[in-house]
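Comments concern the structure below.
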Amino acid sequence: GRVVRVILVAVVCNKPAAHKLGGFGLHSHTNFCTKCWISQENKATPSAFQAKAFLPCTNKKHRCRGEEYLRLPTKNAQKQFVKSYSARFTQLSRLPYFDLVRQVVVDPMHNLYLGLVKTHFYHILVQMKILRDKHKLRVLHELLQDVSDHNKASFIELTDLRPSTVYGTIELGKAT
Numbered sequence: 308g309r310v311v312r313v314i315l316v317a318v319v320c321n322k323p324a325a326h327k328l329g330g331f332g333l334h335s336h337t338n339f340c341t342k343c344w345i346s347q348e349n350k351a352t353p354s355a356f357q358a359k360a361f362l363p364c365t366n367k368k369h370r371c372r373g374e375e376y377l378r379l380p381t382k383n384a385q386k387q388f389v390k391s392y393s394a395r396f397t398q399l400s401r402l403p404y405f406d407l408v409r410q411v412v413v414d415p416m417h418n419l420y421l422g423l424v425k426t427h428f429y430h431i432l433v434q435m436k437i438l439r440d441k442h443k444l445r446v447l448h449e450l451l452q453d454v455s456d457h458n459k460a461s462f463i464e465l466t467d468l469r470p471s472t473v474y475g476t477i478e479l480g481k482a483t
């Protein structure tokens, strides 16, 4: 008869699992981010790279939406709710101390080792034509070669394949 007390500090998993466990809509939803209300159409705009450009997701609001989802009478109503609000009920919300927005984390392996960050860089900067000409692409490659200047304003954090090792930051689109 011993009493054991346990707390869940964080849920660390891949992006689809993070969305499911955290009660968020699918990672392919119009509002795909678990931290703010950026939409798919805005992810390639300059504001997508500015801090606080979009309303933040909050634990309180996400929990309220999860409770609303739970009270809906039909599966179809729940499906429409998720489509509108990118939120659903999660059992994690039964833990009163657990912050659904801050404590559900996409792990570094999926961000770095499996190429999620590389895919995002390529999709946003190249396919969406933010970097249109060869000169800008060459400049980006040069910056990626030597990112030792830690004093520049943070625009994109560059990391190597070892999680938590930050080499430096670069800023795109501003003259130096």
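Under the working numbering, the sequence shown has 457 at position 150, and the numbering climbs by one with no breaks.
Virtual Cβ for every residue (Gly too), placed ideally from N, Cα, C.
Check                                                                                                         : Outcome
For L402, the nearest candidate out of K367, F361, N383 (CA to CA)                                            : K367
Collapsed DSSP secondary structure at V319 in the structure displayed                                         : strand
Cβ shell of P323 (< 8 Å), same chain only, five flanking positions each side left out                         : L333, H334
Distance between E374 and Q357 (C-alpha atoms, nearest Å)                                                     : 31 Å
Every unbroken beta strand (DSSP E) inside the segment 314–393 [3 residues or more]                           : 318–320
Whole-angstrom distance between V413 and V318, CA atom to CA atom                                             : 8 Å
Distance between C340 and S391 (C-alpha atoms, nearest Å)                                                     : 14 Å
Distance, V411 Cα to L328 Cα                                                                                  : 8 Å
Buried versus exposed call for L377 [16 or more other C-beta atoms within 10 Å across all chains shown]       : exposed
Own chain partners of F331 with C-beta closer than 7 Å, once the 5 adjacent residues on each side are dropped : T341, S393, A394
Closest by C-alpha distance to F388, when choosing among N349, S354, N338                                     : N338
Which residues DSSP lists as bridging L311, in chain order                                                    : In the sequence under discussion, the amino acid at residue 311 is Val, which differs from the Leu named in the question. The partner list for V311 (beta bridge, DSSP) is empty, contrary to what the question assumes.
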